[in-house]
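Asker:
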Amino acid sequence: MTVRTRFAPSPTGYMHIGGMRTALFNWLWARRNGGRFILRIDDTDQQRNMDEALGPILDAFRWLGLDWDEGPEVGGDFGPYFQSQRRDLHNAALQQLLNSKAAYRDFEPSAETQAQREAAEREKRVYISSRISLDLSDADVVAKLNAGEPHVVRLKVPRERTVKIVDLVRGSVEWDCGLMVDPVIARGDGSPLYNFASVVDDAQLEITHVIRAEEHLSNTPVQVLLFEALGHSLPEFAHIPFVAAPGGKKKLSKRDIAAYRKSPAFQKLFQLGDEVLSGIGIDPFDDALSPVMVAYYREVGFLPAGVLNALARLGWSLDDETEHMSLQTLQEHFSLDRVVKASAGLDPDKLMSFQAHWMSQLSTADKVAGCLPMLQKAGLIPTQAFWILSDTDSEQVELPKNFPGTAVPYMPDTDIQTRVRQVVELAGDRLRVFGDILGLSEFFKATEDLVYDEKEFQKRVVRPDDAVPLLRELRQTFAEQDAFEADSLHAKVEAFVSARELKFGQIAPTLRLAITGKTKGADLFPTLELLGREECLRRMDRAIGIANSQRV
RNA sequence: GGCCCCAUCGUCUAGUUAGGCCUAGGACACUGGAUUUUCAUUCCAGUAACGGGGGUUCAAAUCCCCCUGGGGUCACCA
């Protein structure tokens, strides 16, 4: 039998990183078994704007390279794939249950039901449904129906039974039906509720493996009963642990963003994200984008491979040592029996480590392709002139939002093209995410736009009495230097230093600050070479000027 | 509170199904050292865990029981 798995998101306008992990496991299981992965959209009746609500979810799948065999856009033999369009199926199933008396119409006022529930709770009794409507004759029911009396449809739970499943992750789990409330499966108007619609759809879609987060475990007995009442065989269940917040055991949730900001475990990620996002004109404090969402990682410049690797290792391992796995490797080796039972906290540090690894595997050309959009969004390099329409495939390159048609990057200005590549090469491992390129803005800014680290500038350039004179002398040396390239610059500065019986460390930070505005960064002399003599001299002049004005 | 799930280094995990190969392995993080013109990388080293108590057994991280702790869920949401 063909393995069929599904992921059934509600169109919420964003893709949750934990949900993505569930989707990934479903996808992997299908691929591993040569099966089909289905995307079903669990929308409720009137979704306001489907494009807006579903778009980001599909984008997340596409970005990570998880394709779906059936679902929105691709269709399939079991459609429609939007739950709201499957009402006929739900209606038929509902009628079937009503006819077979497996379900009944409950006319008890909801206030009354609620009161009973509360009374039971007060008396520390288990609450079970009163089933008072079961005393109604068929004629009574018809009469009430005709009179339009409000009601719901409930499944009649076989109270003498126990429901038992053998979960592929958790093993055997069972529930005593005598403790269960008759669940509402549809409203009076026939609109189905989640548990019911989900079962009907899973059955009709011939889903063989229901792989979902463990918070759904408590829904399972009801669903099992529904499968049985409908005469369907059960799918296999695999309840995988949910993704917990860093440093905690609680479910990672969009609502808790404010708290995560203060969490030490999240600190570095937020710092990186804030810098990159504000650099490209996105307000990081506007919760439209947060580390709970897949889109966040794309915007900051993570690689699909990094995110995928981190998600796969959350609650699953290949063996006792393999850490780095491509999607290809994952789909060859994924297994449900190696899924861990306990919830797993997302570890931003480890995610970054995976990311850095996959970034290091990328060619310079690919890194450049990833950095270009960043630099453009940040306004550090021109946008418009960069793009020409083309029929050629440009899958490596992320297009600006709303860009019309297909495009490949085209550099009318070879200086800029070369510059980006050189900076990327110079940055080396410092480029962990594409957004890191924004931290090297000194290579893309005009002399007068360069920003100095205020504190360090004071400490290294303004305050020391010899800093400005030394910079002057160095400037002179540079001006007279024959070849302005890294090695000879290095030799020149070494000679300069030893001639004055200084230590290298006494001049290098000052020079770096004058040239780049920072104390950290890529190798100094290649940096000088890349910037070129004219620019270096201008920057030194400017630094000297500013220092002098501040010393007065 | 009811029901259900879970429990190995700070974190992610291996080991638990078939008890001995475990003086508990790997990775991330952290600390120290080496390399280095800063930062980063790389390399080496180190700190660090079987929640507690009872059993069973020659032998228990692994099996059983209890306790404790953590979590999920209890809608005419999905």
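If you count the first sequence from 1, position 541 lands on 543 in my numbering, and the numbers rise without skipping.
No residue lacks a Cβ here, since even glycine has one placed at the ideal position from N, Cα and C.
1. So the candidates are Asp368, Pro350, Ala62, Val5; which of them puts its Cα closest to the Cα of Ile40?
2. Extract the residue ranges of the alpha helix (DSSP H) inside the stretch 79 to 124, only unbroken runs of 4 or more that lie entirely within it.
3. Excluding the 5 residues flanking Ser102 on each side, which residues of the same chain have their C-beta closer than 8 Å to its C-beta?
4. Smallest Cα separation from Ile130: which of Arg124, Val143, Ser139, Thr115?
5. Return the Cβ separation of Leu96 and Val155 in integer angstroms, given the expectation that the two are a contact with Cβ distance under 8 Å.
6. Counting C-beta neighbours from all protein chains within 10 Å, is the total for Ala485 16 or more, i.e. buried, or is it exposed?
7. For the stretch 121 to 196, which segments carrying the beta strand (DSSP E) assignment without a break, of at least 3 residues, lie completely within its bounds, in sequence order?
8. Once DSSP output is grouped into helix, strand and coil, what is the label at Thr18?
9. Where does Leu232 sit, in a helix, a strand or coil, going by DSSP?
10. For His326, count neighbouring Cβ atoms within 10 angstroms of its own Cβ and tell me buried if that reaches 16, exposed if not.
11. Could you tell me which residues DSSP puts in a beta bridge with Met295?
12. If Leu316 and Leu291 are in contact, beta carbons under 8 Å, what's the gap, nearest whole angstrom?
13. Is Arg477 buried or exposed, if buried means 16 or more other CB atoms sit within 10 Å of its CB?
14. Taking contact to mean at least 3 C-beta pairs separated by less than 8 Å, is the stretch 275 to 291 in contact with the stretch 426 to 440?
15. Using alpha carbons as the reference points, say which of Arg541, Cys538, Leu539, Val470 lies closest to Gln552.
16. Return helix, strand or coil for Thr521, following the three-state DSSP convention.
17. Which residues mark the beginning and the end of the alpha helix (DSSP H) in which Phe459 is found?
18. Below 8 Å, how does it come out for the stretch 135 to 152 and the stretch 170 to 178: are there three or more Cβ pairs, yes or no?
19. Leaving aside the five residues before and after Gly15 along the sequence, list all residues of the same chain whose C-beta is less than 7 Å from its C-beta, in chain order.
20. For Ala346, name the three-state secondary structure that DSSP assigns.
21. Residues in its own chain within less than 7 Å of Ala481 by CB, not counting five upstream and five downstream?
22. Could you tell me the distance, in whole angstroms, from the CA atom of Asp191 to the CA atom of Arg23?
23. Could you tell me the alpha carbon to alpha carbon distance between Thr46 and Arg88, rounded to whole angstroms?
24. Leaving out five residues on either side along the sequence, give the residues of the same chain with a beta carbon under 8 Å from the beta carbon of Leu382.
25. Give the range of the beta strand (DSSP E) segment to which Ala215 is assigned.
26. Taking 8 Å as the cut-off, decide whether the C-beta atoms of Arg432 and Pro511 are in contact.
27. Could you tell me which residues DSSP pairs with Lys264 in its beta bridges?
28. How many Å lie between Thr164 and Pro248 at the Cα?
29. Please report the distance separating the alpha-carbon of Ser139 from that of Asn35.
30. Measure the Cβ-Cβ separation of Ile282 and Ala240 and say whether it is below 8 Å.
31. Sort out for me which residues DSSP pairs Thr7 with in a bridge.
32. Taking the alpha-carbon of Trp65 as reference, which of Leu26, Met52, Ala94 has the nearest alpha-carbon?
33. With Glu238 as the anchor, note down where its beta strand (DSSP E) starts and where it stops.
34. Between the stretch 243 to 260 and the stretch 343 to 357, do at least 3 Cβ pairs fall closer than 8 Å?
35. Is it right to say Phe388 is buried, meaning 16 or more other beta carbons lie within 10 angstroms of its own, or is it exposed?
36. Report yes if the C-beta distance between Ala524 and Ala380 is below 8 Å; otherwise report no.
Answerer: The relevant details are as follows:
1. Nearest C-alpha to Ile40: Val5.
2. 89 to 101, 112 to 124
3. Ala231
4. Thr115
5. 6 Å
6. exposed
7. 154 to 157, 164 to 169, 173 to 178, 186 to 189
8. The identity of residue 18 in the sequence shown is His, whereas the question assumes Thr. His18: strand per DSSP, three-state reduction.
9. coil
10. exposed
11. His18
12. Rounded, the Cβ-Cβ distance is 21 Å, inconsistent with contact.
13. By the neighbour-count rule (16 or more Cβ atoms within 10 Å), Arg477 is buried.
14. yes
15. For Gln552, the nearest C-alpha among the options comes from Val470.
16. DSSP places Thr521 outside both helix and strand once states are collapsed to three, so it counts as coil.
17. 456 to 459
18. Segments in contact, no.
19. Within the same chain, Gly15 has close Cβ partners Glu54, Ala55, Pro58.
20. strand
21. If you ignore the 5 residues before and after Ala481, its C-beta comes within less than 7 Å of the C-beta of Leu539, all in its own chain and listed in chain order.
22. 36 Å
23. Computed Cα separation, rounded: 11 Å.
24. Only Leu440, Ser443, Phe446, Lys447 meet the Cβ criterion.
25. Here the beta strand (DSSP E) through Ala215 covers 211 to 215.
26. The answer is no: Cβ separation not under 8 Å.
27. Beta-bridge analysis with DSSP links Lys264 to no other residue.
28. Going from the Cα of Thr164 to the Cα of Pro248 covers about 37 Å.
29. 51 Å
30. Going by C-beta atoms, Ile282 is not nearer than 8 Å to Ala240.
31. Paired residues: Phe39, His211.
32. Leu26
33. 238 to 242
34. At 8 Å Cβ cutoff, the stretches touch.
35. Bear in mind that a pLDDT of 45 at Phe388, under 50, signals an unreliable position, so the number given afterwards is only what the model happens to contain. The residue in question, Phe388, is buried, as its Cβ has 16 or more Cβ neighbours within 10 Å.
36. no
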